[in-house]
Amino acid sequence: MKIGLDDVIAAETRLSHVDGAAGRLVIKGHDLEELAGRTSFEAAMTILWADIVPSPPEGMAAAIAAGRLQSYERFAPFFPALSNLAPIEGLRFLLASIGDDDPLAEPSALSGATAVAAALAIRAASGANAIAPSPDFSHAADFLRMVENRTPDPQQAAAFDAYLVTVIDHGLNASTFAARVVASTRAGRVSAVTAALGALKGPLHGGAPGPVLDMLDAIAESGDARGWLMNAIKRGERLMGFGHRIYRTRDPRADVLKSALSRLGNRSERLVLAETVERQALDVLSEHKAGRRLDVNVEFYTALLLESVGLPRAGFTPAFAVGRVAGWLAHAAEQEMSGRLIRPQSHYVGPMPGANQELQYRTDTSRRAQSADA
5 MKIGLDDVIA AETRLSHVDG AAGRLVIKGH DLEELAGRTS FEAAMTILWA DIVPSPPEGM
65 AAAIAAGRLQ SYERFAPFFP ALSNLAPIEG LRFLLASIGD DDPLAEPSAL SGATAVAAAL
125 AIRAASGANA IAPSPDFSHA ADFLRMVENR TPDPQQAAAF DAYLVTVIDH GLNASTFAAR
185 VVASTRAGRV SAVTAALGAL KGPLHGGAPG PVLDMLDAIA ESGDARGWLM NAIKRGERLM
245 GFGHRIYRTR DPRADVLKSA LSRLGNRSER LVLAETVERQ ALDVLSEHKA GRRLDVNVEF
305 YTALLLESVG LPRAGFTPAF AVGRVAGWLA HAAEQEMSGR LIRPQSHYVG PMPGANQELQ
365 YRTDTSRRAQ SADA
């Protein structure tokens with residue numbers, strides 16, 4: 005029995021392959037390093053969606069830009085209602101306002117709408133005014149412009165574009181699995197995406213990059229990186245940005261983002277501190293976690309990159325969704341193509357009628373017709 009579905013094959017996919025032992029991520033036949041920093045997000049979406057999600061006739065960049073413009077008109081009246089919501093909750097609220105049969109539910113339009121909804125939610129949470137999108141910028145650059153109300157520096161836009169490509173898909177993670185489960189019921193794309201957002205909100209999934217900066221702040225204040233890290237380990241605390249459920253070696257996304265960050269050409273004190281913390285943390289973990297390979301993961305350099313391009317910490321998880329929505333939509337389409345409802349079994353460990361003790365009992369629903377399934 006696999007608690008948490010570890011090592012259980014729940015789907016066949018042509019979208020991405022995560023090789024945890026080798027530290028390799030393959031996106032639709034391409035190593036991540038071939039795409040991130042070399043291919044635009046719009047081009048990476050075209051590659052990911054090929055033969056699975058219908059391609060827009062006007063081209064991906066134009067279709068996503070049109071989705072940004074159309075969704076802003078739809079979302080703008082809701083902007084005042086976002087002020088009391090956390091950005092990830094504001095994003096969820098706006099996307100949930102789209103009907104599954106709405107033109108904005110088309111994949112490319114919904115991708116554009118996700119960026120606009122995320123930017124509006126981030127602006128509202130900070131008390132700033134709404135900024136309309138522009139078709140004159142790339143998807144990555146326009147998102148930064150909408151969040152910061154300024155034309156983004158080209159290097160920052162390129163770094164954020166590399167980030168979006170880096171997080172575009174990553175196997176059957178929690179949010180993607182949630183999207184596939186909902187898609188398997190034929191509930192529709194928007195329902196699948198909002199379900200994925202619900203999973204992404206959790207601190208064990210997409211909510212983790214912000215605390216990396218909290219850790220760096222605390223280490224900087226202490227003035228003793230190694231001492232702070234050792235004390236944290238002794239207290240049984242997790243070092244944010246280190247270790248991964250799947251990877252048994254270095255997360256390949258961390259190196260891609262570190263490279264993108266270095267191309268910003270800004271050797272800030274924060275980056276110098278981060279590199280010191282990385283070295284010291286790996287030493288401390290090897291000493292105190294013998295037998296376990298805990299290396300840096302995507303969260304560590306995600307936090308640094310998103311901070312460097314000007315995003316507030318509360319906007320990190322919505323920014324993740326701006327990239328990952330492309331993967332969610334592709335997985336939802338792939339699941340619908342399979343025609344199979346996802347319905348795993350459970351292992352009952354409660355009391356049986358008339359029993360005085362708890363018994364283990366495996367429920368078997370395989371003979372039920374799917375139409376009668378609750």
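Per the working numbering, the very first residue in the sequence shown carries number 5; after that it's consecutive.
Where a beta carbon is used, it is the ideal one built from N, C-alpha and C, also for glycine.
Note that the coordinates shown come from a computational prediction; the quantities given were computed from them, not determined experimentally.
Counting C-beta pairs closer than 8 Å gives three or more between the region 26 to 45 and the region 166 to 173, which meets the contact rule.
Of all alpha-carbon atoms in Asp221, Ala285 and Asn88, the one lying nearest the alpha-carbon of arginine 230 is that of Ala285. Classified as buried, lysine 205 has 16 or more neighbouring CB atoms from the shown chains inside 10 Å of its CB. Within the same chain, and ignoring the five residues on either side of valine 302 in sequence, the residues whose Cβ sits closer than 6 Å to its Cβ are Asp255, Arg257 and Ala258. By the Cβ-count criterion, glycine 63 is exposed, with fewer than 16 other Cβ atoms from all chains shown falling within 10 Å of its own Cβ.
Proline 60 is positioned such that its CB atom lies closer than 8 Å to that of alanine 67. Contact annotation: histidine 335 and threonine 118 have beta-carbon atoms that are not nearer than 8 Å. The three-state secondary structure of phenylalanine 141, taken from DSSP, is coil. Under the DSSP assignment, valine 57 falls outside any alpha helix (DSSP H); it carries neither an H nor an E label. When C-alpha distances from valine 216 are compared across Gly202, Thr306 and Phe79, the shortest belongs to Thr306. Serine 188 and arginine 239 have their alpha carbons spaced roughly 43 Å apart. Take alanine 145, set aside five residues on each side of it, and the residues of its chain with a beta-carbon closer than 7 Å to its own are Pro156 and Ala161, in chain order. Separation of valine 313 and phenylalanine 164 (C-alpha to C-alpha, rounded to the nearest whole angstrom) is 7 Å. Note: isoleucine 102 is not bridge-paired with any residue in the DSSP secondary-structure output. Less than 8 Å separates the beta-carbon of leucine 201 from that of leucine 99. For valine 151, the closest of Val120, Phe324 and Val185 by C-alpha to C-alpha distance is Val120. Isoleucine 31: not part of any alpha helix (DSSP H); member of the beta strand (DSSP E) spanning 28 to 31, first to last residue. Contact check between the region 22 to 29 and the region 80 to 99: fewer than three CB pairs, one atom from each, fall below 8 Å, which does not count as touching. Closest by C-alpha distance to alanine 183, out of Val300, Ile346 and Ala128, is Ile346. Between the C-alpha atoms of leucine 86 and alanine 318 there is a straight-line separation of about 14 Å.
In this structure phenylalanine 324 does not touch glycine 214 by the C-beta definition: roughly 11 Å separates them, more than the 8 Å allowed.
In the structure shown, proline 316 adopts coil according to DSSP, grouped into three states.
The criterion of a C-beta distance shorter than 8 Å is not satisfied by leucine 261 and leucine 275. Rounded to the nearest angstrom, the gap between the Cα atoms of phenylalanine 304 and glutamate 279 is 10 Å.
Shown here for isoleucine 135: same chain residues with a beta carbon closer than 6 Å to its own, the five before and five after excluded, namely Met150 and Asn153 in chain order. For glycine 247, the CB contacts under 7 Å within the same chain, skipping 5 residues up- and downstream, are Leu298 and Asn301 in chain order. In this structure, serine 75 lies away from histidine 174, with their beta-carbon atoms at least 8 Å apart. Here the alpha carbons of leucine 333 and proline 111 stand approximately 7 Å from one another. A direct Cα-to-Cα measurement between valine 12 and leucine 176 gives close to 11 Å. DSSP places serine 20 within a strand segment (E or B) once states are collapsed to three. Judged by beta-carbon spacing, phenylalanine 97 lies beyond the 8 Å limit of alanine 123, meaning their Cβ atoms are not closer than that value.
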